[in-house]
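Notes follow the structure.
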Amino acid sequence: MLLDGRTILITGGTGSFGKCFTKYVLNKYNPKKIIIYSRDEYKQFIMQNELKEYADRIRFFIGDVRDKDRLRRAFEGVDFVVHAAALKQVPACEYNPNEAIKTNIHGAQNVIDAALDSGVKKVVALSTDKAVNPVNLYGGTKLVSDKLFIAANAYAGSKDINFSIVRYGNVAGSRGSIIPVFHNIIKNGGRELPITDYRMTRFWISLTEGVELVIKALEEATGGETFISKIPSFKVTDLAEAMLPGCKMPEIGIRPGEKLHEIMVTVEDSSTTYEYDKHFIVYPQVVWNEKQQINLSGRKVEDGFSYSSGNNTQWLSVEDIREMLKSVELEK
Numbered sequence: 010m011l012l013d014g015r016t017i018l019i020t021g022g023t024g025s026f027g028k029c030f031t032k033y034v035l036n037k038y039n040p041k042k043i044i045i046y047s048r049d050e051y052k053q054f055i056m057q058n059e060l061k062e063y064a065d066r067i068r069f070f071i072g073d074v075r076d077k078d079r080l081r082r083a084f085e086g087v088d089f090v091v092h093a094a095a096l097k098q099v100p101a102c103e104y105n106p107n108e109a110i111k112t113n114i115h116g117a118q119n120v121i122d123a124a125l126d127s128g129v130k131k132v133v134a135l136s137t138d139k140a141v142n143p144v145n146l147y148g149g150t151k152l153v154s155d156k157l158f159i160a161a162n163a164y165a166g167s168k169d170i171n172f173s174i175v176r177y178g179n180v181a182g183s184r185g186s187i188i189p190v191f192h193n194i195i196k197n198g199g200r201e202l203p204i205t206d207y208r209m210t211r212f213w214i215s216l217t218e219g220v221e222l223v224i225k226a227l228e229e230a231t232g233g234e235t236f237i238s239k240i241p242s243f244k245v246t247d248l249a250e251a252m253l254p255g256c257k258m259p260e261i262g263i264r265p266g267e268k269l270h271e272i273m274v275t276v277e278d279s280s281t282t283y284e285y286d287k288h289f290i291v292y293p294q295v296v297w298n299e300k301q302q303i304n305l306s307g308r309k310v311e312d313g314f315s316y317s318s319g320n321n322t323q324w325l326s327v328e329d330i331r332e333m334l335k336s337v338e339l340e341k
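In this note's numbering, the protein residues as written are 10 to 341.
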């Protein structure tokens with residue numbers, strides 16, 4: 010197994026993804042060590058207590074991705090890096106643009122530089138649907154971050170390292186998703202669930218599915234790929250019906266920076282996109298070295314293809330959503 014005997018570092022490791030990734034890897038693989046790199050010592054304390062049984066294989070490292078020297082120190086002896094640290098709250102990024110740039114762009118470059126200087130073998134960076142045709146600053150910073158990680162392969166030279174990206178939208182039950190919003194309204198006795206636009210759709214992905222996509226990237230990437238899961242879509246109105254049957258759904262208007270659909274593969278990407286059984290890969294348009302390869306077990310999509318929650322071929326019914334909600338854990 011690729012992860013057995015390896016040292017893995019997760020930036021932003023105390024977040025929901027980092028916690029799920031850590032538990033998943035420790036349960037299914039035998040890593041040498043997992044390093045949690047984050048700037049919140051209290052969250053590290055909580056996570057440390059939650060994972061006491063794995064204390065011999067988990068290390069906690071306080072640091073910020075803005076601090077390149079601290080990253081270099083943390084990356085010593087690390088085989089794989091999963092970059093999950095980011096400022097993600099859309100309004101916060103709009104009001105504090107320079108802070109978002111410092112973390113999401115400068116921090117990304119710091120991770121790249123530290124990995125290149127420290128003997129790291131593989132780096133997988135988490136992206137977002139908001140980086141595709143961005144309409145807000147958060148999406149813009151993540152687009153730049155994605156481009157930096159893809160281009161980082163040009164600087165690998167003779168080093169045994171590659172950089173790749175995993176892209177997915179809001180995770181079901183995460184703080185940025187609609188499920189906890191509806192949940193709180195219902196919990197407080199509300200009988201109406203507001204819908205910003207009746208046409209709105211979203212992808213459904215669980216944290217575990219996100220973790221599995223990252224592991225696939227660690228196992229298969231040769232450099233510069235963007236991995237995208239094939240997952241079902243749902244209508245937000247169907248989600249409301251599943252959570253509060255028969256409720257009224259006032260249409261309140263789309264919010265600034267919000268999209269009708271989550272877009273994962275654009276028409277422009279189609280020229281370098283391949284489809285596989287359970288995922289797509291968007292390959293880089295530029296090949297920098299002979300290590301980069303296309304996995305020919307898939308098929309190239311047709312020119313003009315796009316993949317969004319609005320044109321998906323897999324859809325969840327109200328009954329499907331109701332069943333899947335039973336396994337959703339709301340992020341605290």
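Don't be surprised by glycine CBs; every beta carbon is placed ideally from N, CA and C.
Values in this document were obtained by computation on a predicted structure and should not be read as measured data.
Nearest-angstrom Cα distance between TRP324 and PHE243? 6 Å
Mind checking whether VAL175 and VAL133 have CB atoms under 9 Å apart? yes
Thinking C-beta only, is ALA95 closer than 9 Å to ASN113? yes
Looking at the strands, I want to know which residues DSSP matches up with PRO274. Strictly speaking, residue 274 in this sequence is Val, with Pro absent from that position. BP columns for VAL274 point to TYR316.
With H, G and I counted as helix, E and B as strand and the rest as coil, what does DSSP make of ARG82? The answer is helix: DSSP assigns ARG82 an H, G or I state.
Please go through the same chain and pick out, in chain order, the residues whose beta-carbon is closer than 8 Å to the beta-carbon of SER279, but skip the five residues on each side of it. Cβ contact annotation for SER279 (same chain, cutoff 8 Å, sequence separation greater than five): VAL310, GLU311, ASP312, GLY313, PHE314 and SER315, in chain order.
My guess is that VAL141 and THR275 are in contact by the Cβ rule of under 8 Å, so how many angstroms apart are they, rounded? The beta-carbon distance between VAL141 and THR275, rounded to whole angstroms, is 6 Å. This is short enough to meet the 8 Å contact definition.
Using CA coordinates, which residue listed in LYS156, GLU338, VAL337 and GLY219 is at the minimum distance from GLN294? The shortest C-alpha separation from GLN294 is found at LYS156.
With 16 other Cβ atoms within 10 Å as the buried cut-off, status of MET10: exposed
Hey, how far is the Cα of ASN107 from the Cα of ILE330? 39 Å
Who are ASN171's beta bridge partners in DSSP? Beta-bridge partners of ASN171 (DSSP): LYS131.
Please state whether the Cβ-Cβ distance between THR150 and ILE110 is less than 9 Å. yes
Top-ranked residue by Cα proximity to TYR38, from ILE17, GLU50, SER25 and GLN57: ILE17
Three or more C-beta pairs closer than 8 Å, one from the stretch 280-292 and one from the stretch 203-210: is that the case here? no
Nearest-angstrom Cα separation, counted from LYS168 out to ARG211: 40 Å
Short check: CB of VAL91 to CB of LEU227, under 9 Å? yes
Quick one: measure Cβ to Cβ for LEU202 and LEU253, integer angstroms, because I've assumed they're closer than 8 Å. With 8 Å as the limit, LEU202 and LEU253 qualify as a contact, their Cβ atoms being about 6 Å apart.
Just tell me which of SER238, THR231 and ASP49 has its CA closest to the CA of PHE70. Closest in alpha carbon position to PHE70, among SER238, THR231 and ASP49, is ASP49.
Flag this pair as touching only if the stretch 45-65 and the stretch 231-240 have three or more C-beta atom pairs under 8 Å; answer yes or no. No, the stretch 45-65 is not in contact with the stretch 231-240.
With a threshold of 16 other CB atoms inside 10 Å of the CB of LYS287, please say whether the residue is buried or exposed. exposed
Sequence-distant residues of the same chain with beta carbon closer than 7 Å to VAL144, five excluded per side: GLY266 and LYS268
Assign THR322 to one of three DSSP states: helix, strand, or coil. coil
What is the DSSP secondary structure of THR16, counted as helix, strand or coil? strand
Roughly how many whole angstroms lie between the Cα atoms of ILE272 and TYR63? The straight-line gap from Cα to Cα measures roughly 38 Å.
Nearest to ILE187 by alpha carbon, out of THR235, ALA251, ALA161 and GLY198? ALA251
What runs of the alpha helix (DSSP H), each 4 residues or longer, lie entirely inside the stretch 146-197? Entirely contained in the stretch 146-197, the alpha helix (DSSP H) runs reaching 4 residues are, in chain order, 146-160 and 187-196.
What residue range is occupied by the uninterrupted alpha helix (DSSP H) comprising VAL220? 216-229
Tell me where the beta strand (DSSP E) around LYS42 begins and ends. 42-47
What is the C-beta distance between GLY72 and LEU60, in whole angstroms, given that I count them as a contact (C-beta under 8 Å)? Not a contact, Cβ separation roughly 19 Å.
Buried versus exposed, by CB contacts within 10 Å (16 or more), ASP65: exposed
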